[in-house]
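Trainee: First residue of the sequence shown: 145, per my numbering; consecutive thereafter.
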Amino acid sequence: MPEKGRFLEIMAAVVEAAKAQGGELTQEEIQEYFKGMALEEEQMDAVYSYLSENRITVKGFLYTVKEEKKEEKDNVYLSMYLKELDGFPKEAPGEIRKLYKRLQNGEEAARKRLIEIWLVRVVELARGYQNQGVFLEDLVQEGNMGLLYSIEGLQGQQKDIDAEEYLKESVCQAMENLIDENMGKDDLENTLLAKTSLLGEASKVLAEDMGRVATVEELSEYTKIPKEEIMDILSLSLDAVKIGNSGNKPC
145 MPEKGRFLEI MAAVVEAAKA QGGELTQEEI QEYFKGMALE EEQMDAVYSY
195 LSENRITVKG FLYTVKEEKK EEKDNVYLSM YLKELDGFPK EAPGEIRKLY
245 KRLQNGEEAA RKRLIEIWLV RVVELARGYQ NQGVFLEDLV QEGNMGLLYS
295 IEGLQGQQKD IDAEEYLKES VCQAMENLID ENMGKDDLEN TLLAKTSLLG
345 EASKVLAEDM GRVATVEELS EYTKIPKEEI MDILSLSLDA VKIGNSGNKP
395 C
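#1: Per DSSP, what kind of secondary structure is Ser203 in: helix, strand or coil?
#2: Would you kindly check if the distance between the Cβ of Lys339 and the Cβ of Ile369 is under 9 Å?
#3: Give the DSSP bridge partners of Leu169, in chain order.
#4: Which whole-angstrom value describes the C-beta separation of Gly287 and Ala318, a residue pair presumed to lie in contact below a C-beta threshold of 8 Å?
#5: Secondary structure at Asp230, three-state DSSP: helix, strand or coil?
#6: Applying the 10 Å Cβ sphere with the 16-neighbour rule, what's the burial state of Gln285?
#7: Hey, would you say Leu222 sits closer than 9 Å to Glu184, going by beta carbons?
#8: Label Ala162 either buried or exposed according to how many other C-beta atoms from any shown protein chain fall within 10 Å of its C-beta, with 16 as the threshold for buried.
#9: Using DSSP with H/G/I as helix, E/B as strand and the rest coil, what is Phe151?
#10: Thinking Ser341 and Met289 are a contact (beta carbons under 8 Å), I'd like their distance in whole angstroms, please.
#11: Mind listing, in chain order, the continuous alpha helix (DSSP H) runs of no fewer than 4 residues lying wholly within the region 294-381?
#12: Just to check my reading of the structure: Asn326 and Val278 have Cβ atoms closer than 8 Å, yes? What is that Cβ distance to the nearest angstrom?
#13: Can you list, in chain order, the residues of its chain with a C-beta nearer than 7 Å to that of Gln302? Leave out the 5 residues immediately preceding and following it.
#14: Closest by CA to Ile200, which one among Val159, Pro233, Ile295 and Leu378?
#15: Can you give me the C-alpha to C-alpha distance between Arg257 and Leu243, rounded to a whole angstrom?
Listed below in structure tokens is the structure:
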């Protein structure tokens, strides 16, 4: 599959978009997220199946629930995901410390390479949270979202921060929040974090497509989050999401 790291980022954004819309998306909306990746029909069906298995309704997609117990090792998405991770370059001794310094200097190449290294680590951390009522693939998905959000926070950050510990805590906290939510606990903080992450990813995707920063109206149309809610999130996001001026829209 092309653009491995990008696929994982987009998948996280799709999950959060579904949550923002009450757990429901159309096939066309999902395809719009992946429009630049040229996925084959079989791969898109695997994406639809994964969403359906995780209680997200995909309009127009017929999903048949198997009678036997769902086994994580047989899950199409998880198997595909782990196979993709095997294709990443192995971490070299001392590489990650240099990457942290480059990331804090704002280097985009360092961000991409750190994501590759940490996606493997997220799986390792997720295995430590198994047998707590949440599937491994769901723990990995939440851990990935925590990872992406925290790496964005580190990029260009000049404060003296223990990057290794910061990323680990962010990933573990995301997984623990999911476990708590699955147990019926109220988790407003996690919801805010997830939507902020979604808006950040949507802002980057739209900026790449349009060649400029998206407006609140454009973000609302893309993510299906109401404009008023986006403004509330932005007031708490500490510039984590870049917003353009409505006056910059082309005629």
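The beta carbon of each residue, even a glycine, is placed where N, CA and C say it ideally should be.
Mentor: According to the data block:
#1: Residue mapping note: residue 203 aligns to position 59 of the sequence shown, counting from 1. Position check: residue 203 holds Lys in this sequence, whereas Ser was assumed. Note: Lys203 maps to strand in three-state DSSP.
#2: Indexing the sequence shown from 1 puts residue 369 at position 225. Indexing the sequence shown from 1 puts residue 339 at position 195. The Cβ atoms of Ile369 and Lys339 lie closer than 9 Å to each other.
#3: Position 25 of the sequence shown, counted from the first residue, corresponds to residue 169. Paired residue(s): Val202.
#4: By one-based count along the sequence shown, residue 287 stands at place 143. By one-based count along the sequence shown, residue 318 stands at place 174. Correct: roughly 5 Å between the Cβ atoms.
#5: Position 86 of the sequence shown, counting from 1, holds the residue named residue 230. Here Asp230 sits in helix by DSSP.
#6: As a working note, residue 285 is residue 141 in the sequence shown. The Cβ neighbour count for Gln285, taken over all protein chains shown within 10 Å, is at least 16; the residue is labelled buried.
#7: Position 78 of the sequence shown, counting from 1, holds the residue named residue 222. Position 40 of the sequence shown, counting from 1, holds the residue named residue 184. No.
#8: As a first step, residue 162 is located in the sequence shown; it is residue number 18 there, counting from the start. Buried, because 16 or more other Cβ atoms sit within 10 Å of the Cβ of Ala162.
#9: Here residue 151 refers to the residue found at position 7 when the sequence shown is read from its first residue. Three-state result, Phe151: helix.
#10: Against the sequence shown, residue 341 aligns to sequence position 197. Against the sequence shown, residue 289 aligns to sequence position 145. Right, their Cβ atoms sit about 5 Å apart.
#11: Runs of alpha helix (DSSP H) with 4 or more residues, each lying fully within the region 294-381, are found at 307-326, 332-354, 360-367 and 371-378, listed in chain order.
#12: Counting from 1 along the sequence shown, the entry for residue 326 is found at position 182. Counting from 1 along the sequence shown, the entry for residue 278 is found at position 134. About 5 Å separates the two Cβ atoms, so the contact holds.
#13: For this step, residue 302 is matched to residue 158 along the sequence shown. Closer than 7 Å at the Cβ level, and outside the excluded window around Gln302, lie Gln248.
#14: For the purposes of this step, residue 200 is taken as residue 56 along the sequence shown, with counting starting at 1. For the residues Val159, Pro233, Ile295 and Leu378, the minimum Cα distance to Ile200 belongs to Val159.
#15: Here the question's residue 257 lines up with position 113 in the sequence shown. Here the question's residue 243 lines up with position 99 in the sequence shown. Their backbone Cα atoms lie some 8 Å apart in a straight line.
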